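Colleague:
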Amino acid sequence: MSHYEAPIREPLIFGDKSYHDISVDVAAPVEGKANKLWWIAFSIALTAFLLGLGAISYTIGVGIGVWGLNNRINWAWDITNFVWWVGIGHAGTLISAVLLLFRQKWRMGINRSAEAMTIFAVFQAGLFPIIHMGRVWNAFYVLPLPNALGSLWVNFNSPLLWDVFAISTYLSVSLVFWYTGLLPDFAMLRDRAVKPFQKQIYGLLSFGWSGRLKDWQRFEEVSLVLAGLATPLVLSVHTIVSMDFATSIIPGWHSTIFPPYFVAGAIFSGFAMVQTLLLIMRKVSHLEAYITKIHIENMNKVIIVTGGIVSVAYMTEFFVGWYSGSSYEDYTYLSVGAATGPYWWAFWSLITCNFIFPLTLWFKKARTNLIWSFILSIIINIGMWFERFDIIVIDLSRGHLPSSWTMFSPTFVDVSIFIGTIGFFFVLFLLYARTFPVIAQAELKSILKSSGENYKNLRKENHE
Amino acid sequence: MASNKKYWRSVEELKSDNSLVEHLGQKEFLEEIPTETFLGAKENLSNSSTSRRDFLKYVGFTTVAASLAACEGPVLKTIPYVVKPENIIPGVANFYASSMSDGDGFANILVKVREGRPIKIEPNKMAGNWGASSARVQASVLSLYDNNRLRGPLADGKETDWSSLDKKAIDTLNTLKANNEKIVVLSGSTASPTSKKVIAEFAQSFGNVQHVVYDALSESPALDAFETMYGQRALPNYKFENAKLIVSIGADFLGDWQGGQYSAAYAKGRIPVKGNMSKHLQIESNLSLSGANADLRIPVKPSEQIFALINLYNAVTGSNFASKPTPADAAIKKIAIQLKKAGSQAVVITGIQNKEAQILANALNEALQSEVYDLTAPRLIKAGNDVAVKNLVDEMAAGKIGALLIYNANPSYSLPNASVFNEALKKVKFLVCFSMSDDETAQKSQFVAATPHYLESWGDTQFQAAKFGLMQPTINPLFNTRQFEESLLTWMGQNKTYYQALRDYWTTSILNGSSWNQALHDGVFNGNNELKLTKNSIDVATSAAALLSQTKSGDFELNLYAKISMGDGKQANNPWLQELPDPITRTSWDNYITISAADAKKLGLENFNVSNGALNGSKVNLKVKEVVLNEVPVYIQPGQANGSIGLALGYGRSAGMQTEMMTGLNAFALLQDFNPFQTVSVEKVAGIHEFACVQLQHTIMGRDEIIKETTLDDFINKPKNEWNKTPEFSLNHEEVSAERVDLWEKFDDTVGPHFNLSIDLATCTGCAACIVACHAENNVPVVGKREIRVSRDMHWLRIDRYYTSDMTNEKAKEEGIFGTGEMFNTMTIPSENPQVAFQPVMCQHCNHAPCETVCPVAATSHSRQGQNHMAYNRCIGTRYCANNCPYKVRRFNWFKYANNNEFDFNMNNDLGKMVLNPDVVVRSRGVMEKCTMCLQKTQLSILTAKKEGRPVKDEEFQTACSSACPTGAMVFGDVNDKQSEVALITEDERAFHLLAEVGTKPNVFYHLKVRNTEAS
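Protein chains in written order, with my numbering: chain E, 330 to 793; chain C, 125 to 1140.
Have a look at this one:
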């Protein structure tokens, strides 16, 4: 029997659900046939992915010159996309690890998909630092491998090298954590499977889960340990990504506030992306009973908090740059120069999307309005993309020496690669939605009797 | 069928009962293979150091080795010398003294030759001011390897051979001689005494022969004026180093004025050693290089330049010649007072292409008794005669010319009335064009006699009466070419080579018993020849009146000029020069009209930046008299006089060229009567031109510490802290010099050399010779207009040019708009007549380099010698280093720039590749590159000294830029050698580091600019 939950708390599982119902609902998308909508979505995503693949091959074949970069602005969409995707990849681990430690039961409805999203987003993110290299074929130079190239070793002073470790660690821990959680659910699918092939596959994937008490005990322990391991990673990854900028000496980049501000921004954008995906998924996969308004509202609350942190960071950046009195700060991405200069549109996109629109979430009506939540989640993701674009492009376009000021304009290839990663992301996510248990049903079952609507009502009727 | 052959293993087998044979029959090996002992001893095996893992390694290694052996690398063919030529040691450069004198560049030079290939031009220090090598002289080595050069002589556009050409020429010339028909040699200035002598002999031999000298950029009026005044066709020499006050009315003497080569002398007077600095005033229409360096610049229209000259003459001499008022009159009164005060240390020069104006200027200098105006050694470099050229065209049109031999000139392209000339050409019976390429004139000629490049030729120069120079071949002729003079010698039946003629002439007339070999070795020879001047009396009043009557004003007046890079267009097929940004507009691959912002507004013309920052501009049609030039791009130029427009000559070449280099428009058609001043009508037309401009922000945006400057007055009278304050930071609650605040531990750099480069902003004129020198030395790729346009220029060294703005931090504070968008936006707009500052920027070789810490693979790191290195092989191209470079000097190989048809420049053909410096690697796609402080040169100096067991001499350490700098503004050397020049000037009060407050501790430092702006 699960724990006691106060009756005034709103239920986390709607409808008259039994344990079996949960199994059936979660297994439905896997066992059923894909509908037309799925096929349409998948074809679009796959096309986008192939376009991106083509653009990447073209880049590698001809040279980075096919992008819009120049000798003053040496990064633009590549690293913008990298940071954006890494940021998005923050929500999953936060939801599953940090909320686990804080015993937030509402995470159970969403953690599986959030984590899947994390992993798929980190895949996209990891792509950019590799393909942005002028000589991709030598990418392995960044690994500290013993080599026959003399005394050559990697440069541990370089934040770009820290990225290599940070991202790969984050990806591997997230992957393990996610997979651990999947074991009982795979076992459930295996047990329900009727086709021998499916049974075999899920049997393999579930690592022989037998549902013994010992299994559950170990499962709980590992989850806790992994949550403990993953929690600092939530903070470390984006801290290190922010150091790519913060440790440099470029006006606008050279800023001590970056690590916490980037982490907050990452969670902000990550939650927005989870919001986007879940709002679609609950509709498409008929999971309204499990991903409820409460979930959406809770996530909106996280968005307000992190968005607030980000907004305060913007103001601080703006103020400190102005207060420094240094003319080199006149055109940083948060400055009067940026607001009135040639990149005014990028500046104001950032302010509008990340500061002004999220303020609506202070109202409960807006917070619980699913359509607005969906629109806002997309606005925030656009805004967060602009934040990274502004940091990189505006700051580089207005460096120390005015003689080197220039601007950046993306080429078809830049755009195609970005679209390609979005396509790749959705290809992975759509495949996942059809083959994986998209809700951590084993965990969810543990709160059915405490937080399920019918049980709550039963208790209410019985005045328990 | 089974074989019956029997193979014997040894003689022992003959004896059938031998035990050994029996033994061998059963066992394959004589001795037992100790398999059992080996594998049986389990203990041994398990103790063996060869573990299972080792075994796997061995298997792996042998498999990989075996498969690798099957691969084949690319085969590079090198051909060794079977018989090593004398004086050529592979890997060791030879230097030969030579001279360039093609009418577009005059210099005595050294040619660096590697394995028989000339690869670099160096200045010849023995030649004094004539040894300075301009951008065009530096670039001329690439013109040797021009892929569009003629491979041999042509007859009617088809290949022919010399003997048939000779036969035809001799026959025709003799027939013409018999009929006493006129033969004309039309040549550009070469300043070559032997060439002149050969032409004279040719004239003698064929009777009715005229030699017409034609310069596309003519100095004919100045020559005429000098001839009238002094009886000799020469140009006065100016000793700018002695000047206290230089007043230039439209003379771009730091550019091409009167053949150039004045910057070294000028710079000597511009080093502000305690009040000892010349003052330079410029009255002009276009913002020229000289105007950009002036202490005071007054923009006036071209016609007003002429009035200003008369007004100045009046004001100085007290004459009262008729003139017209100009906007500069108030200033002219003050200038006149200063001129009189400076007296013999003042000089007035003018670039007005009018004989009377030149007479006026010369008379003014005489009146001032100017010591700068040097009549003791006039210049003989430019000899073009406009009148003779005009007459020739008339005679040709009248069918009076029997034969025309054109050498070192391209009149079909560069004559203002080229179409008339081209028509007239058809009436010439025998037409030979001596040319290196199938250019506009060659294409219209019956015969084209392919000539060699000057680096393949013998020759000589006489820049001043006593200043001789020699030109010697530095490579065997690449193609089937023959020198012009040699053709003449052949045709007149003299059975000797030009070399023999040259040597004979030198021995008899020049050397005076000195050694030929020594002269050839030095490249220069100081004779004691003198030009006898007769002083004729002149009537200045008549000149002034004539000048006034010849001057027409208009709403718009055109001032044609020549660019530092392109000159008269001779080297238009040279990609280094095409890509060289103009020092003022910083635009390459184009010519365009320059127009003031006010006029542009009036006409509705605009310049704007598109989304990738690149510059676009409107287009206009220009009309001078009946000649129309369509769709000329418009560049809005601060400092351009209102009512005037500038346009560069030398562009719009269309024959004998690679398509990529056919840039711009031919403005020679507008040079009517050889006069660069024309009244013009301007009409806006639809369409947008795309510029390749590398500097898109022209003002310094209140960041005055980037280019520090002060006035001479402050420099002398005020303490250093007021005009060159070192930035300070607070450390432990105490203000200390920014250089002392440091995150890093100091690295011991006192062992061995530690290199520093000093750049004096007071003497840097922005002439761009360093850029081309660097281009040549370091195999910098040419990337073409498309890439330059999007800020992907590859120059390792650039010269930033800043204009002052009307809006300053102080003014904004007064107006209460400090820190607002309004201030920023107005700050980006240059003043109407701005002050200009140049700043060469290359890798600063920071001792605490931001690029070095951020490279994930340590591909860029510091050397003990202070140089910041790039290991191209290690670079993976993350470009983080370039982002983190505050000076933005790093250059990325966005594409493969060599062997790529998309970049069809000199690195894409075998001929063009011959110019590559074998000591410097050609970078591949995807790697970062940047200035190395000519690492290959410093290492060579160190190793040479080491081999010879001596310390390196200070002057041995040179970078390409420092050695090419004609003004000595760049000084390179070892600061650990406390006696070196560079070490001595590090302590100079004017020294500062660029962006010192960032704490990068650069090894390049600057000396601040001093402006002599006080009215004294």
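Backbone N, C-alpha and C define an ideal beta-carbon position, used for all residues, glycine too. None of the values given here were measured: they were computed from a predicted structure.
Note down the Cα distance separating K1102(C) from P576(C), rounded to an integer number of angstroms.
Modeller: 47 angstroms
Colleague: Could you give the C-beta distance for S965(C) and R1015(C), rounded to a whole number, given that I count them as a contact under 8 angstroms?
Modeller: The displayed chain sequence assigns Val, not Ser, to residue 965(C). The pair is not a contact, with the Cβ atoms about 12 angstroms apart (cut-off 8 angstroms).
Colleague: Distance check for G763(C) and S639(C), CA to CA, integer angstroms please.
Modeller: 52 angstroms
Colleague: Could you tell me which chain C residues have their CB closer than 8 angstroms to the CB of L725(E), listed as they occur along the chain?
Modeller: N1007
Colleague: T787(C) to V806(C), Cα distance in whole Å?
Modeller: 21 angstroms
Colleague: Hey, could you find the ends of the alpha helix (DSSP H) E934(C) is sitting in?
Modeller: 933-939
Colleague: Label E833(C) either buried or exposed according to how many other C-beta atoms from any shown protein chain fall within 10 Å of its C-beta, with 16 as the threshold for buried.
Modeller: buried
Colleague: Please list, in chain order, the chain C residues whose beta carbon lies closer than 9 angstroms to that of N484(E).
Modeller: E976, T977, V978, C979, P980, V981, A982, A983, S985
Colleague: Taking C-beta pairs closer than 9 angstroms, name the residues in chain E that Y497(C) reaches, listed in chain order.
Modeller: The premise fails here: Y497(C) is roughly 38 angstroms from chain E at the closest Cβ pair, so nothing lies under 9 angstroms.
Colleague: Residues of chain E with a CB under 7 angstroms from the CB of I824(C): which are they?
Modeller: P731
Colleague: Counting only beta-carbon separations shorter than 7 angstroms, does I459(E) have a partner in chain C?
Modeller: No, its Cβ sits nowhere closer than 7 angstroms to a Cβ of chain C.
Colleague: Return the Cβ separation of R394(C) and A886(C) in integer angstroms, given the expectation that the two are a contact with Cβ distance under 8 angstroms.
Modeller: Confirmed, about 6 angstroms.
Colleague: When you compare only the Cα positions, how much space is there between A165(C) and T174(C)?
Modeller: 14 angstroms
Colleague: Sort out for me which residues DSSP pairs V572(C) with in a bridge.
Modeller: L278(C), C557(C)
Colleague: Report the start-end ranges of each alpha helix (DSSP H) in the segment 609-638 of chain C that is 4 residues or longer and not cut off at the edges.
Modeller: 622-629
Colleague: Nearest to N1024(C) by CA position, among R1049(C), S447(C), Y685(C), is which residue?
Modeller: R1049(C)
Colleague: For S735(C), would you say it is in contact with chain E, using Cβ-to-Cβ distances shorter than 7 angstroms as the test?
Modeller: yes
Colleague: Does the segment 1101-1115 of chain C come within contact of the segment 859-866 of chain C, defined as at least 3 CB pairs closer than 8 angstroms?
Modeller: no
Colleague: Please classify K630(E): is it buried, with 16 or more other beta-carbons within 10 angstroms of its beta-carbon, or exposed?
Modeller: exposed
Colleague: Give the range of the alpha helix (DSSP H) segment to which E839(C) is assigned.
Modeller: At residue 839(C) the sequence reads Phe, which differs from the Glu that was named. Per DSSP, F839(C) belongs to the alpha helix (DSSP H) from 836-841.
Colleague: Assuming contact is defined by CB atoms lying nearer than 7 angstroms, are F350(C) and A389(C) in contact in what I supplied?
Modeller: Note that the C-beta distance between F350(C) and A389(C) is not below 7 angstroms.
Colleague: Please report the straight-line C-alpha distance between S143(C) and A477(E), rounded to a whole angstrom.
Modeller: Our two residues, S143(C) and A477(E), have alpha carbons roughly 55 angstroms apart in a direct line.
Colleague: Keeping to the same chain, check which residues put their C-beta closer than 8 angstroms to that of N697(C); ignore five residues upstream and five downstream.
Modeller: Cβ neighbours of N697(C) beyond the five flanking positions: S267, D270, N272, S561, R777, G780, M781, Q782, M785.
Colleague: When burial is assigned at 16 or more other CB atoms within 10 Å of the CB, is K693(E) buried or exposed?
Modeller: Classification for K693(E): exposed.
Colleague: Please list the residues of the segment 1004-1028 of chain C that have a C-beta atom closer than 8 angstroms to any C-beta atom in chain E, keeping them in chain order.
Modeller: Y1004, A1006, N1007, N1008, P1010, Y1011, K1012, R1014, R1015, F1016, N1017, W1018, F1019, K1020
Colleague: Give me the DSSP bridge partner(s) of Y578(C).
Modeller: Y578(C) pairs with nothing; no bridge assigned.
Colleague: Below 8 angstroms on the Cβ atoms is my guess for I751(E) versus A377(E); work out the distance and round it to an integer in Å.
Modeller: 6 angstroms
Colleague: Per DSSP, which residues does L369(C) bridge with? Please list them.
Modeller: K403(C), A470(C)
Colleague: DSSP three-state label for A810(C), please.
Modeller: Secondary structure at A810(C): strand, using DSSP grouped into helix, strand and coil.
Colleague: Could you spell out where the beta strand (DSSP E) holding G654(E) opens and where it closes?
Modeller: No beta strand (DSSP E) contains G654(E), which DSSP labels as neither H nor E.
Colleague: I believe C1005(C) touches L378(C) by the beta-carbon criterion, under 8 angstroms. Please report the beta-carbon distance rounded to the nearest angstrom.
Modeller: About 36 angstroms separates the two Cβ atoms, so there is no contact after all.
Colleague: Hey, how far is the Cα of T318(C) from the Cα of K244(C)?
Modeller: Cα-Cα distance, rounded: 26 angstroms.
Colleague: Looking only at DSSP bridge pairs, what is T823(C) linked to?
Modeller: Y927(C)
Colleague: Could you compute how far the alpha carbon of A384(E) sits from the alpha carbon of S735(C)?
Modeller: Taking the straight line from one Cα to the other gives about 22 angstroms.
Colleague: Are K434(E) and I768(E) touching if we call contact CB-CB under 7 angstroms?
Modeller: no
Colleague: Beta carbon of T889(C): closer than 6 angstroms to some heavy atom of the ligand SAH?
Modeller: This structure does not include the ligand SAH; it has no bound ligands of any sort.
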